[in-house]
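For any residue, its number in our numbering is found by taking its place in the sequence shown, counting from 1, and adding 320. Okay, so here's the structure we're looking at.
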Amino acid sequence: MKKEHDITLSRLAKLIETESPHLLRYASYRLGNIEYAKDALQDVYLKMHSRLSEGNSSDVKDLRSYLFRTLSNLCITKLRELQKRNLVSLEENFDRTECTAEDFESDFQRISLLLNKIPEEQAEVIRLRIYGGNSFAEIADILSIPLPTVKSRFLYGLEKIRQGMKTI
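Structure follows, in structure tokens:
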């Protein structure tokens, strides 16, 4: 049992190492702030490590999908907490000193504007695909929805974004 536990924690460590850039990019765009994203990743890593250390890994089929699902849920929770505090919108609160690239701010604002104009279900699929680097099958597993639903949400969301780009 201990050996299986050590193997699972080792798999988690390797997964975190390889997926960190995708997870950080996804959380950054989702939360609109790189520091919030780093905090969210830390919270997810600790939560998963604790869960796996306690031996609660039997119901986790795909560790990668579980990691993204946990991060997605945590981002939703953090965004709700921010809204309850009556803070200004993420676009207005974006700090230029937190950018990792020169054009991150303008890209973030334009993309956020477009994603806010489409249904949240479609926006979340697009975020997981583009920022998270997930396949459609992985997104279906992360969101616990059928694969055709993921594909249609992605397609319809992109079409709405294309139409929205014409007006920007």
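Even glycine gets a Cβ: it sits at the ideal position worked out from N, Cα and C.
Three-state class that DSSP yields for residue i in the structure shown
i	result
T469	helix
K437	coil
Y346	helix
D382	coil
G352	coil
S455	coil
S373	helix
G484	helix
S464	coil
Beta-carbon gap between residue i and residue j smaller than 7 Å
i	j	result
A347	A357	yes
L394	V364	yes
L434	I481	yes
H342	G452	yes
L391	L335	no
F388	I462	yes
A460	V445	no
Q442	R400	no
G477	I438	yes
Close Cβ partners of residue i (< 6 Å) along its chain, the five nearest in sequence each way excluded
i	result
Y386	V380
Closer than 6 Å: residue i CB and nearest the ligand PLP heavy atom
i	result
P439	With respect to the ligand PLP, the structure shown offers nothing to examine, as it has no ligands at all.
Cβ shell of residue i (< 7 Å), same chain only, five flanking positions each side left out
i	result
K398	L351, Y356 and A360
Spatial neighbours of residue i in its chain, beta-carbon cut-off 8 Å, leaving aside the 5 residues before and after
i	result
M485	L434
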